[in-house]
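The numbering of the sequence shown is the working numbering, which starts it at -12 and goes up by one.
We put the CB at the ideal spot given by N, CA and C, even for glycine.
Fair warning: this is a prediction, and the values are worked out from it, not measured in the lab.
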Amino acid sequence: MLLAACEPKGEVVNVYSGRHYATDEALFAQFTRETGIRVNLVKADSDQLLNRIEVEGTNSPADLFITADVSRLSRAAASGLLAPLPEEEVLSKVPAVYRDTEGFWTGLTMRARVIVYAPDRINPEAIATYEDLAKAELGGRLIMRSIQSHYNQSLLASMLLYQGEEAAMAWVRGIVANFAREPQGNDRDQMKAIASGLADVSVVNTYYLGQMLSSANEEEQKVAASLRIVFPNQADRGTHVNVSGAGLLRNAPNRTQAIRLLSYLLERRSQEFLSAGNYEYPVIAEAEWPELLQQWGMFRADTINLNRLNDQLDRALVVARTAGWK
Ligand code: FE
-12 MLLAACEPKG EVVNVYSGRH YATDEALFAQ FTRETGIRVN LVKADSDQLL NRIEVEGTNS
48 PADLFITADV SRLSRAAASG LLAPLPEEEV LSKVPAVYRD TEGFWTGLTM RARVIVYAPD
108 RINPEAIATY EDLAKAELGG RLIMRSIQSH YNQSLLASML LYQGEEAAMA WVRGIVANFA
168 REPQGNDRDQ MKAIASGLAD VSVVNTYYLG QMLSSANEEE QKVAASLRIV FPNQADRGTH
228 VNVSGAGLLR NAPNRTQAIR LLSYLLERRS QEFLSAGNYE YPVIAEAEWP ELLQQWGMFR
288 ADTINLNRLN DQLDRALVVA RTAGWK
């Protein structure tokens, strides 16, 4: 009895995260220094984490589920795994466009999905919109990663919502006709292929470019420095953006600590730290952008409701499959 009483009481929060960044871990460590609350981090693929939470059921130690794929948060909410987030500590800090309409998850960082190109071979005026990527003049010069990528599903979902199925289908047929190779690799691989001359243009999230520019690998630095980006659709709906986000588990054993961590991640200094370290955009307006993001410039972001996009992901996959985007 005495021994048990002498044990440190040690508050903890258990985080299941599909985000695998050094910035996140540094921020969790800082949170622990400031609050005394230890962060137990379980890192895996978002799908694996979600399956694990489902299998663990009411015995799950998970308090927070963090992922770069909000469709997984929607799925978690729909299966009753998440608790509504508190208004004051969490929801009120985040603009409505970057969180769940029902309040079951919130965005933590925002990502812009832009057009990247080789400036010696492409006139940026010719690629001012995503729609431009389907034009015949880009025949054999475009590469895209697979539609299995959540980022591309989300982009295609936005085309579906804005233009309807027929136009979205025609767009996919157009870009597939322009492919310089079968879809393969991740966002970084698209940039490497453009730098190597295999293609001239692709679509990537900006933080990958930022990470490559500041990479310890000189080759990656060279690739990134040779490329330029365009924020598409500035004259109309704005550039497609997605978020990484977090949800609080309904069965969270450390609910108070989890809310405290989530609230901490949404503080201005945390948002600035994440953005400076990882080149994602803050989700809160007061946070200042790091220099590189300022250099890329202000842009108009598509403000379409993220829940509506999530609802279109399955349809986007069907359209892609029908039109030949693997
Ligand atoms: Fe990513």
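Residue i beta carbon near the ligand FE (any heavy atom closer than 7 Å)
i              : result
asparagine 356 : Since the first and last residues shown for the chain are -12 and 313, residue 356 lies out of range.
alanine 55     : yes
asparagine 165 : no
asparagine 192 : yes
For residue j and residue i, the rounded distance between their alpha carbons
i             : j              : result
tyrosine 70   : alanine 182    : A quick correction: the sequence has alanine, not tyrosine, at residue 70. Cα-Cα distance, rounded: 46 Å.
arginine 242  : leucine 235    : 8 Å
leucine 51    : glutamate 112  : 43 Å
valine 29     : asparagine 1   : 8 Å
serine 79     : glutamate 259  : 18 Å
threonine 116 : asparagine 192 : 15 Å
alanine 144   : threonine 290  : 14 Å
glutamate 275 : methionine 285 : 12 Å
valine 338    : glycine 151    : With the chain covering -12 to 313 only, the question about residue 338 has no answer from this structure.
Limits of the alpha helix (DSSP H) - the one that residue i falls within
i              : result
asparagine 294 : 293 to 298
valine 84      : Valine 84 -> no alpha helix (DSSP H), and no H or E assigned at all.
valine 57      : 57 to 65
threonine 243  : 242 to 252
serine 4       : Where serine 4 is concerned, there is no enclosing alpha helix (DSSP H), although the beta strand (DSSP E) it sits in stretches over -1 to 4.
alanine 263    : 255 to 265
valine 191     : Counting along the chain, valine 191 falls outside any alpha helix (DSSP H), though it belongs to the beta strand (DSSP E) covering 188 to 192.
Below-8 Å beta-carbon distance, residue i vs any chain D residue
i           : result
alanine 164 : Absent here is chain D; the protein component of the structure consists of one chain.
Residue range of the beta strand (DSSP E) that includes residue i
i                 : result
tyrosine 104      : 92 to 104
phenylalanine 166 : Where phenylalanine 166 is concerned, there is no enclosing beta strand (DSSP E), given that its DSSP letter is neither H nor E.
asparagine 220    : Unbroken run through asparagine 220: none, as it is neither H nor E.
arginine 25       : 25 to 30
glycine 232       : 228 to 236
Pairing CB atoms from the stretch 211 to 221 with CB atoms from the stretch 291 to 302, are three or more of them under 8 Å?
-> no
Decide if the stretch 79 to 98 is in contact with the stretch 41 to 60; the criterion is three or more beta carbon pairs, one per stretch, under 8 Å apart.
-> yes
Touch test, the stretch 14 to 32 against the stretch 191 to 207, Cβ-Cβ under 8 Å, three pairs minimum | no
Give a yes or no on contact between the stretch 157 to 165 and the stretch 120 to 139, applying the rule of three or more CB pairs nearer than 8 Å.
-> yes
Contact between the stretch 252 to 262 and the stretch 173 to 188: three or more CB pairs below 8 Å?
-> no
Looking at C-beta atoms only, is the number of pairs between the stretch 79 to 89 and the stretch 28 to 44 that lie closer than 8 Å three or more?
-> no
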